[in-house]
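Visitor: Going line by line, the protein sequences match chains Z and Y. Under the numbering used here, the residues of the first sequence are numbered 1 to 343, in order. Under the numbering used here, the residues of the second sequence are numbered 1001 to 1313, in order. Quick reminder that beta carbons are idealized off the backbone N, C-alpha and C, glycines included. If you're wondering where the values come from, they're calculated on a predicted model, not measured in any experiment. Once you've had a glance at the structure underneath, I'll fire off some questions.
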Amino acid sequence: MPRTASEPTAGGPSPTGPTSPTSPTSPPSPPSPAGPPAPKGSPGPIRFRRPRRRTSRRPASADTRVWNRLALPGTLWMSVFFISSLLLVAALSFGTTDDLGNPRFGTTLDNIRRLAAPAYRTVMFRSLEYAALTSVLCLLIAYPVAYAIALHAGRLKNALIAAIVVPFFANYLVRMYGWSVVLSDDGPVLRFLRAIGLADSHTKILNTGPGVIAGLVYGFVVFMIIPLYAALERLDTALIEAGRDLYGGPLRTFLFVTVPATRQGAVAGMVLVFLPAMGDFVSAQFLGGPNQLMIGNLIQDKFFEGQDWPLGSALTMLLMAVLLVGMFGYLRRARKDEAEATR
Amino acid sequence: MTAVDPQRRPGPPGLPGPDGPDAPRRRRLARPPRLARLPRLRRRGVEARPRFAFVVTVLFFVLLYLPIGMVVLFSFNSQKSLTVFKHFSTRWYSAFFHDHVLLSSLGMSLKISLVAMIGSVVLGVALALGLVRARGRLGSYSGLIMLVPLITPEIVTGVASLMLYKGLDTTLSTGTVMISEITFSISYVTVILRSRVAALNPEVEEAAMDLGATRWQAVRLVTLPALLPAILASAVLIFALVFDDFVLAYFTTGVDPQPLAVRIYSAIRFGVEPTINAVGTLMLAGSITLIAAALSIPRLFGRSGGLDLLSGD
Chain Z
1 MPRTASEPTA GGPSPTGPTS PTSPTSPPSP PSPAGPPAPK GSPGPIRFRR
51 PRRRTSRRPA SADTRVWNRL ALPGTLWMSV FFISSLLLVA ALSFGTTDDL
101 GNPRFGTTLD NIRRLAAPAY RTVMFRSLEY AALTSVLCLL IAYPVAYAIA
151 LHAGRLKNAL IAAIVVPFFA NYLVRMYGWS VVLSDDGPVL RFLRAIGLAD
201 SHTKILNTGP GVIAGLVYGF VVFMIIPLYA ALERLDTALI EAGRDLYGGP
251 LRTFLFVTVP ATRQGAVAGM VLVFLPAMGD FVSAQFLGGP NQLMIGNLIQ
301 DKFFEGQDWP LGSALTMLLM AVLLVGMFGY LRRARKDEAE ATR
Chain Y
1001 MTAVDPQRRP GPPGLPGPDG PDAPRRRRLA RPPRLARLPR LRRRGVEARP
1051 RFAFVVTVLF FVLLYLPIGM VVLFSFNSQK SLTVFKHFST RWYSAFFHDH
1101 VLLSSLGMSL KISLVAMIGS VVLGVALALG LVRARGRLGS YSGLIMLVPL
1151 ITPEIVTGVA SLMLYKGLDT TLSTGTVMIS EITFSISYVT VILRSRVAAL
1201 NPEVEEAAMD LGATRWQAVR LVTLPALLPA ILASAVLIFA LVFDDFVLAY
1251 FTTGVDPQPL AVRIYSAIRF GVEPTINAVG TLMLAGSITL IAAALSIPRL
1301 FGRSGGLDLL SGD
């Protein structure tokens, strides 16, 4: 390492500059690990700190090789078992099935054309609608909760956040199952609503669209609370004070100071909720009944019951495409935000 | 600014004060400044407690715990009903412990979680070290592909895995579930550890090497011990996540035996089975124990731990 060689010189004889006895033997460009301390023409005292970038300039030093070798197995594993399998799905969406129902690779656009059928279109739009509504509802629920905890919970803060995260670690299926019991026709929610007169004996939540959305919200609201909480926690309360100094009421201060300052957490939360909500099929299955299918149910059906893998692959790619467009938009937005913040 | 020069204050009316004819104008000047009317701010600079947010929070916690509470409560019900609680009984627990199918599923899930934990931690820690320290094309490629699973919906990962095994002409089995779970978990380990590796001071390793250690010895004797709390925490987290995972297991498992989550899924799908309440309660207890362990590990080693583990930074 350069440091090894440089340290003795630092406290030793005064810097010798260009006429250093070691410099003529030194290779001009890449200082080898055991090489001489000061490059040619280096003025003044020797630097103690290695410049950060130096590692990247050294083409194949022993160091870089070690780190690359460490990264290699994981990279290979992910390439073989993840990237290649995604590519297979992409390829099969252009494939066909033979007479026995076995998938065959091909170059047909049939599957993609079939996606445009009204039945699939309905399901696709329903999925988008439910996932979007879920994101918005999660935001509306999570904002007050995160706000109350981050700014007003005092010493209870960590305990409350832990109390929100713990149910998240209960098995997803069991949670959904419990939720379906809660929302069932003689479950506590409907009984309560009937008691206060907001529902009658015909009102149903299970097997309706709102039932599915309730399930999705219940399943993924944690993903909204955590980033929002992080953003609100970081919020400089002097900003709120400033808002009040400028005669903003609580609502105006909230809308024009707090919300803009925590916008990034909200957007991150929307993405974190939207992604899994779009791909979920358990909520629609347990809480939605046969008329509330989402794209995840279709994919599951094509792979397990329908045995139409090419069409299932095309549906999977459609789902990925929608989500990638969303992700791309989010990343661009985040980069813009970042650029604004650093300007 | 709020202070008003007392000498300028006009004298009591009627008395010939020093102000003389200027008095009325002075009086206008001396009006208390508007700033004095500002509401008194709380000490910590935050406005009064928002009642609306408090109501929502309470309601939220009620609804958050209601389903889990129902599952736990009715796991002790003596009847099959899910709406009427009769007597306390451990009937469904003993039903679970006598159900050989469920027990073999439990064993299989434990095996899968253990293998996935070890595999993904070994690969993920190496990848995190490599990603932070290595530069160049390989690094950016690895950095990209380890992020892809995090933004891919699980169902897509499941479909893709299924396709790969079909393409390789492999029969689905415990092994295929393990491989898929490792793939899915590497990203988590890497994300958790990457920031910790980046926070390490590389000069400590260099010091070890100055003292005669080889690069590998420095990693083994200096870097890994420094990362140990984060490694253990992510290992426990992965164990819990894989044990609870349903979607990926559902797509990659063979016929018999099936992981516990897949069994639960079919049990719920084909009718109400109160044993599920008992299984769910046991799984919840297990998860909470594991997570509590994971969260307390960093603290054990004298670091500020806790929630930053979950947010990944």
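#1: With a cut-off of 8 Å, does the C-beta of Z/PRO31 fall near any C-beta of chain Y?
#2: Taking the beta carbon of Z/PHE274 as the centre, do at least 16 other beta carbons fall within 10 Å, making it buried, or is it exposed?
#3: Tell me, which residues are paired with Z/PRO103 by DSSP?
#4: Measure from the C-beta of Z/GLY196 to each C-beta in chain Y and report whether the shortest distance is under 8 Å.
#5: I need the straight-line Cα distance from Y/GLY1271 to Z/MET294, nearest angstrom please.
#6: Against chain Y, does Z/THR107 count as a neighbour if the rule is that its beta carbon must be under 8 Å from one of theirs?
#7: Are Z/GLY95 and Z/PRO310 close, meaning C-beta to C-beta below 8 Å?
#8: Could you tell me whether any Cβ in chain Z is nearer than 8 Å to the Cβ of Y/GLU1181?
#9: Anyone know if the C-beta pair for Y/ALA1233 and Y/ALA1292 falls short of 8 Å?
#10: Can you tell me whether Y/LEU1284 is buried or exposed? The criterion is at least 16 other CB atoms within 10 Å of its CB, across all chains shown.
#11: May I ask you to list, following chain order, the residues of the region 84 to 99 of chain Z that have a beta carbon less than 8 Å from some beta carbon of chain Y?
#12: What does the Cβ neighbour count give for Z/ARG126, buried or exposed, with the cut at 16 atoms within 10 Å?
#13: Give me, in chain order, the residues of the same chain whose beta-carbon lies closer than 8 Å to that of Z/THR203; leave out the 5 immediate sequence neighbours on both sides.
#14: If you draw a straight line from the C-alpha of Y/LEU1123 to the C-alpha of Y/THR1190, how long is it?
#15: Using a threshold of 8 Å, state whether the C-beta atoms of Z/SER135 and Z/GLY215 are closer than that.
#16: Ends of the alpha helix (DSSP H) at Z/ILE161?
#17: Please say whether Z/PHE281 and Z/GLN307 have beta carbons closer to each other than 8 Å?
#18: Could you name the residues of the same chain whose beta carbon sits closer than 6 Å to that of Z/SER93, not counting the 5 residues immediately before and after it, in chain order?
#19: Helix, strand or coil for Z/ASN347 per DSSP?
#20: Here's the rule I'm using: 16 or more other beta-carbon atoms within 10 Å means buried, otherwise exposed. How should Y/SER1094 be labelled?
#21: Are Z/CYS138 and Z/VAL271 close, meaning C-beta to C-beta below 8 Å?
#22: So which of Z/VAL66, Z/LEU198, Z/HIS152 has the shortest CA-CA distance to Y/PRO1050?
#23: Among all the DSSP beta bridges, which residues are the ones paired with Y/ASN1077?
#24: Pick helix, strand or coil for Y/MET1209, following the three-state DSSP scheme.
#25: Check whether the region 1242 to 1251 of chain Y touches the region 1102 to 1121 of chain Y, taking contact to mean three or more Cβ pairs, one atom from each stretch, closer than 8 Å.
#26: Please report how far the alpha carbon of Y/THR1174 lies from the alpha carbon of Z/ALA170, in whole angstroms.
#27: Exposed or buried, what is Z/SER29 when buried is set at 16 or more other beta-carbons lying within 10 Å of its beta-carbon?
#28: Please list the terminal residues of the continuous alpha helix (DSSP H) segment that includes Z/GLU129.
#29: Rounded to a whole number of angstroms, what is the C-alpha to C-alpha distance between Y/VAL1132 and Y/LEU1138?
#30: For the alpha helix (DSSP H) containing Y/TYR1265, name the first residue and the last one.
#31: Would you mind reading off the limits of the alpha helix (DSSP H) that contains Z/GLY215?
#32: Taking Cβ positions, are Z/ILE213 and Z/TYR143 nearer each other than 8 Å?
#33: Indicate whether at least one CB of chain Y lies closer than 8 Å to the CB of Z/ASP308.
#34: Below 9 Å on C-beta distance, what does Z/TYR120 contact in chain Y?
#35: With DSSP as the reference, label Y/GLU1154 as helix, strand or coil.
Guide: In brief:
#1: Since pLDDT at Z/PRO31 reaches only 44, below the 50 mark, its modelled position is unreliable, and the value read off the structure follows with that caveat. For Z/PRO31, the answer is no, since every Cβ of chain Y falls outside 8 Å of its Cβ.
#2: With 16 or more other Cβ atoms within 10 Å, it is buried.
#3: For Z/PRO103, which the question treats as bridged, DSSP gives the partners Z/THR97.
#4: Going by the sequence as given, residue 196 of chain Z is Ile instead of Gly. Z/ILE196 does not count as touching chain Y.
#5: 22 Å
#6: no
#7: Against a cut-off of 8 Å, the Cβ pair of Z/PRO310 and Z/GLY95 comes out as a contact.
#8: no
#9: Going by C-beta atoms, Y/ALA1233 is not nearer than 8 Å to Y/ALA1292.
#10: Counting Cβ neighbours within 10 Å, Y/LEU1284 comes out buried, since at least 16 surround it.
#11: Going along the region 84 to 99 of chain Z in chain order, one finds SER84, SER85, LEU86, LEU88, VAL89, LEU92 with a Cβ nearer than 8 Å to chain Y.
#12: buried
#13: LEU190, LEU193, ARG194
#14: Those two C-alpha atoms are separated by around 9 Å.
#15: It is not a contact, given that the beta carbons lie outside the stated cut-off.
#16: Where Z/ILE161 is concerned, the enclosing alpha helix (DSSP H) starts and stops at 157 to 168.
#17: no
#18: ASN111, SER313, ALA314, MET317.
#19: Chain Z is shown from 1 up to 343; residue 347 of chain Z falls before or after that span and cannot be answered.
#20: exposed
#21: no
#22: Out of Z/VAL66, Z/LEU198, Z/HIS152, Z/HIS152 has the C-alpha closest to the C-alpha of Y/PRO1050.
#23: Y/PHE1088
#24: helix
#25: Yes, the region 1242 to 1251 of chain Y is in contact with the region 1102 to 1121 of chain Y.
#26: 23 Å
#27: Note that Z/SER29 scores 44 on pLDDT, short of 50, meaning its location in the model is unreliable and no value can be drawn from it.
#28: First-last of the alpha helix (DSSP H) with Z/GLU129: 118 to 152.
#29: 12 Å
#30: 1260 to 1269
#31: 209 to 234
#32: no
#33: No, because no Cβ of chain Y sits closer than 8 Å to the Cβ of Z/ASP308.
#34: Here the premise fails: no neighbours, minimum Cβ distance about 16 Å.
#35: helix
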